[in-house]
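Enquirer: Line by line, the protein sequences give chains A and B.
For any residue, its number in the numbering used here is found by taking its place in the first sequence, counting from 1, and adding 3.
For any residue, its number in the numbering used here is found by taking its place in the second sequence, counting from 1, and adding 3.
Glycine residues also receive a C-beta, built at the ideal position from the N, C-alpha and C atoms.
Attaching a single structure in structure tokens format; questions to follow.
There are 2 protein chains.
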Amino acid sequence: KIPEATIIRLSVYSRYLTQLDKKGIVNISSGEIAEGVGGSPAQVRKDLAYFGEFGTRGVGYNVRDLNQHIIRILGLNKGWKVVIVGAGNLGSALTQYKGFRERGFEVVAVFDNDVNKIGLTLNGVPIFPITKLREVVKEQEARIGIIAVPSKYAQDVADHLVESGVKAILNFAPSVISVPENVELRNVDLAVNLEILTFNLALKKNY
Amino acid sequence: KIPEATIIRLSVYSRYLTQLDKKGIVNISSGEIAEGVGGSPAQVRKDLAYFGEFGTRGVGYNVRDLNQHIIRILGLNKGWKVVIVGAGNLGSALTQYKGFRERGFEVVAVFDNDVNKIGLTLNGVPIFPITKLREVVKEQEARIGIIAVPSKYAQDVADHLVESGVKAILNFAPSVISVPENVELRNVDLAVNLEILTFNLALKKNY
Ligand SMILES: NC(=O)c1ccc[n+]([C@@H]2O[C@H](COP(=O)([O-])OP(=O)(O)OC[C@H]3O[C@@H](n4cnc5c(N)ncnc54)[C@H](O)[C@@H]3O)[C@@H](O)[C@H]2O)c1
Ligand SMILES: NC(=O)c1ccc[n+]([C@@H]2O[C@H](COP(=O)([O-])OP(=O)(O)OC[C@H]3O[C@@H](n4cnc5c(N)ncnc54)[C@H](O)[C@@H]3O)[C@@H](O)[C@H]2O)c1
């Protein structure tokens, strides 16, 4: 099994290689990649080794080829259509975020059950009533759903998303939800990120 | 070194114990904790064992005592004052998020360099000009800074935050930044969370 930390670093390498490609840089060494993203050359080589042989000893890697490889490994060689449920503070920030599109994720629709929000658009993306979720997911061939509703509705929304046919769910509500085996689930808890910081501060008695 | 996954689970255990305490539940077993948060009893015991002996064999754990222990381990036994730099889409969603306050994090000020935003308030939290960062951090005794500005300004803002005296930084800009040894840094890249999902889908050839 490939460590999650490796997948996260691959994404960072890819972002860096994309920048270099734009600057016209053709070849790069593992040392130069490590310098650019703040890691070690050995870590770069180890991460890439999970996926086969890349680059030539002494010459390094071809920037464009390596980036294409990583993009394929991350499943980003095709675009992904995303729907967001919950057009509140977080949902609307995510809908308007240009960074997703740069990585190949297109938010095609947002859903809510608040009549004051339905019918509006966020950065051109329409807000539909939650009752239209199944229809829009099918029509748009959306594969990924993002949950941005309060915790007490998160499981219910997850069930809706699974029924509508999405293959993966990113859940921002701080509650434990469950999905069938064949659906990928990832939970993001922003408050926990702060708690990891305070844990480290408490450990170092550094207030 | 304590694995990060353990710290994340501690936070989830604490949230669950808080819910149980509110319902008046006095004792609980590692099996019941595992059931409530979706894990295994052995994992619960292993996580807690990093921090000493809790609970009594056969009786289980006292809900309130265990929760107090975990809260102290996570450094949450005191409140933390937080400042956010960037009052855009993400910064304003984070400022208005009630979930941070529940865990003991109070956003006391937001900073921006856009004259149209300075002087406004978000949910009662004032938006100051970035030039006032040092003064407000000192006055409010803020210890944590959150970066919610575009990538190209992230390092500059990090330097400002370090100079102003914060002890920990949570960075949402998808760029590699560096801070001195004595400052805790954590990067959150929301797009990478989607890429982990697509990596897993590509692995399972499940589109
Ligand atoms: N705002 C943040 O920065 C932030 C940070 C971390 C986590 N979260 C989590 O993200 C979620 C959303 O937070 P928020 O701050 O955007 O809340 P919010 O109250 O601003 O927005 C929630 C939205 O969900 C809609 N909604 C509620 N139930 C629904 C349902 N069954 N179907 C469709 N829509 C429904 C509401 O009408 C509302 O528009 C919460 O679970 C929160 O804990 C938010
Ligand atoms: N919106 C999202 O959902 C989201 C998701 C993931 C990551 N991010 C990241 O979070 C950051 C903020 O994103 P956003 O969508 O809120 O962008 P935004 O453009 O809506 O907001 C950025 C804010 O930062 C302010 N700003 C710029 N430079 C500044 C400086 N030097 N000092 C103080 N303020 C400054 C701007 O005036 C603006 O108000 C970006 O790095 C983005 O990549 C955002």
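#1: Under 7 Å from any heavy atom of ligand 3, does the C-beta of residue 117 of chain A make it?
#2: For ligand 1, any of its heavy atoms closer than 7 Å to the Cβ of residue 199 of chain A?
#3: Quick check: what's the CA-CA separation for residue 164 of chain A versus residue 29 of chain A?
#4: Can you tell me whether residue 177 of chain B is buried or exposed? The criterion is at least 16 other CB atoms within 10 Å of its CB, across all chains shown.
#5: Buried or exposed for residue 115 of chain A, please, with buried defined as at least 16 other CB atoms from any protein chain shown within 10 angstroms of its CB.
#6: Looking at the C-beta of residue 203 of chain A, does it have a partner C-beta in chain B at a distance below 8 Å?
#7: Please report how far the alpha carbon of residue 123 of chain A lies from the alpha carbon of residue 43 of chain B, in whole angstroms.
#8: My guess is that residue 188 of chain B and residue 171 of chain A are in contact by the Cβ rule of under 8 Å, so how many angstroms apart are they, rounded?
#9: In chain order, which beta strand (DSSP E) runs of at least 3 residues are fully inside the segment 151-210 of chain A?
#10: Determine the burial state of residue 117 of chain A: buried for a count of at least 16 other Cβ atoms within 10 Å of its Cβ, exposed for fewer.
#11: Could you check if residue 234 of chain B is buried or exposed, using at least 16 other CB atoms within 10 Å of its CB as the buried criterion?
#12: Can you grab the Cα-Cα spacing for the pair residue 141 of chain B / residue 152 of chain B, in whole Å?
#13: What residue does the beta strand (DSSP E) around residue 145 of chain B start on, and which one ends it?
#14: For the segment 31-61 of chain A, list the beta strand (DSSP E) runs that are entirely contained and at least 3 residues long, ordered along the chain.
#15: Taking the beta carbon of residue 98 of chain B as the centre, do at least 16 other beta carbons fall within 10 Å, making it buried, or is it exposed?
#16: From residue 125 of chain B to residue 192 of chain A, what does the alpha carbon distance come to, in whole angstroms?
#17: In the segment 69-99 of chain B, which residue ranges form an unbroken beta strand (DSSP E) of at least 3 residues, counting only runs that do not cross its ends?
#18: Could you check whether the Cβ of residue 199 of chain A sits closer than 8 Å to any Cβ belonging to chain B?
#19: Does the Cβ of residue 177 of chain B lie closer than 7 Å to at least one heavy atom of ligand 2?
#20: Is residue 162 of chain B near ligand 2, judged by its Cβ being under 7 Å from some heavy atom?
#21: Quick check on DSSP: helix, strand or coil for residue 139 of chain B?
#22: Below 8 Å, can you find three or more Cβ-Cβ pairs linking the segment 5-20 of chain B to the segment 42-60 of chain B?
#23: Just by C-beta distance, which residues in the segment 29-54 of chain B are closer than 7 Å to chain A?
#24: Does the beta-carbon distance from residue 132 of chain A to residue 149 of chain A come in below 8 Å?
#25: Against chain B, which members of the segment 55-79 of chain A pass a CB distance test of less than 9 Å?
#26: Taking only three categories from DSSP, how would you classify residue 15 of chain B?
#27: Would you say residue 143 of chain A and residue 111 of chain A are within 8 Å of each other, going by their C-beta atoms?
#28: Buried or exposed: residue 127 of chain A, going by 16 or more other Cβ atoms within 10 Å of its Cβ?
#29: Between the C-alpha atoms of residue 145 of chain B and residue 109 of chain B, what's the straight-line distance to the nearest angstrom?
#30: Considering only heavy atoms of ligand 1, does any lie closer than 7 Å to the CB of residue 157 of chain B?
Expert: Checking against the coordinates, here is how it stands:
#1: Among the ligands in the structure shown, ligand 3 does not appear; only ligand 1 and ligand 2 can be found there.
#2: Along the first sequence, one-based indexing puts residue 199 of chain A at 196. No, since every heavy atom of ligand 1 falls outside the 7 Å radius drawn around the Cβ of residue 199 of chain A.
#3: One-based indexing of the first sequence puts residue 164 of chain A at position 161. One-based indexing of the first sequence puts residue 29 of chain A at position 26. Cα-Cα distance, rounded: 43 Å.
#4: Here residue 177 of chain B refers to the residue found at position 174 of the second sequence. Flag for residue 177 of chain B reads buried.
#5: Along the first sequence, read from residue 1 onward, the residue named residue 115 of chain A stands at position 112. Burial call: buried.
#6: As a first step, residue 203 of chain A is located in the first sequence; it is residue number 200 there, counting from the start. Using beta-carbon distances, residue 203 of chain A counts as an interface residue toward chain B, with a partner under 8 Å.
#7: Position 120 of the first sequence, counting from 1, holds the residue named residue 123 of chain A. Position 40 of the second sequence, counting from 1, holds the residue named residue 43 of chain B. Approximately 44 Å between the Cα atoms of the pair.
#8: As a working note, residue 188 of chain B is residue 185 in the second sequence. As a working note, residue 171 of chain A is residue 168 in the first sequence. No, residue 188 of chain B and residue 171 of chain A are not in contact; Cβ-Cβ is about 29 Å, not under 8 Å.
#9: Here the runs fully enclosed are 171-174 and 187-190.
#10: Start at 1 with the first residue of the first sequence, and residue 117 of chain A comes out as number 114. Label assigned to residue 117 of chain A: exposed.
#11: Since the first residue shown for chain B is 4 and the last is 210, residue 234 of chain B is missing from the structure and cannot be characterised.
#12: To locate residue 141 of chain B, count along the second sequence from 1; it is residue 138. To locate residue 152 of chain B, count along the second sequence from 1; it is residue 149. Their Cα atoms are separated by approximately 22 Å.
#13: As a first step, residue 145 of chain B must be located in the second sequence, where it is residue number 142. Element bounds for residue 145 of chain B: n/a, residue is neither H nor E.
#14: Taking only runs of at least 3 residues, no beta strand (DSSP E) segment lies wholly in the segment 31-61 of chain A.
#15: The sequence position of residue 98 of chain B within the second sequence is 95, counting from 1. With 16 or more other Cβ atoms within 10 Å, it is buried.
#16: Residue 125 of chain B sits at position 122 when you count from the first residue of the second sequence. Residue 192 of chain A sits at position 189 when you count from the first residue of the first sequence. If you draw a straight line from the Cα of residue 125 of chain B to the Cα of residue 192 of chain A, it is about 22 Å long.
#17: Runs found: 83-88.
#18: Residue 199 of chain A sits at position 196 when you count from the first residue of the first sequence. Look at residue 199 of chain A: its C-beta is under 8 Å from a C-beta on chain B.
#19: On the second sequence, position 174 is the one that residue 177 of chain B refers to. Answer for residue 177 of chain B: yes, Cβ within range of ligand 2.
#20: Reading the second sequence from its first residue, position 159 is the one you call residue 162 of chain B. Not one heavy atom of ligand 2 sits closer than 7 Å to the Cβ of residue 162 of chain B.
#21: For the purposes of this step, residue 139 of chain B is taken as the residue at position 136 of the second sequence. In this structure, residue 139 of chain B counts as helix in the three-state DSSP scheme.
#22: The segment 5-20 of chain B is in contact with the segment 42-60 of chain B.
#23: For the segment 29-54 of chain B, the residues whose beta carbon sits under 7 Å from a beta carbon of chain A are, in order, 40 and 41.
#24: Numbered from 1 along the first sequence, position 129 holds the residue referred to as residue 132 of chain A. Numbered from 1 along the first sequence, position 146 holds the residue referred to as residue 149 of chain A. Not in contact: residue 132 of chain A and residue 149 of chain A (Cβ atoms no closer than 8 Å).
#25: Along the segment 55-79 of chain A, going in chain order, the ones with a CB nearer than 9 Å to a CB of chain B are 75, 76, 77, 78 and 79.
#26: Residue numbering aside, residue 15 of chain B sits at position 12 when the second sequence is read from its first letter. It is helical.
#27: Position 140 of the first sequence, counted from the start, is the residue given in the question as residue 143 of chain A. Position 108 of the first sequence, counted from the start, is the residue given in the question as residue 111 of chain A. Less than 8 Å divides the Cβ of residue 143 of chain A from the Cβ of residue 111 of chain A.
#28: For the purposes of this step, residue 127 of chain A is taken as residue 124 along the first sequence, with counting starting at 1. Looking at its Cβ environment, which holds fewer than 16 other Cβ atoms inside 10 Å, residue 127 of chain A is exposed.
#29: Locating residue 145 of chain B in the second sequence gives position 142, counting from the first residue. Locating residue 109 of chain B in the second sequence gives position 106, counting from the first residue. Those two C-alpha atoms are separated by around 9 Å.
#30: Start at 1 with the first residue of the second sequence, and residue 157 of chain B comes out as number 154. Here the distance from the Cβ of residue 157 of chain B to the nearest heavy atom of ligand 1 is not below 7 Å.
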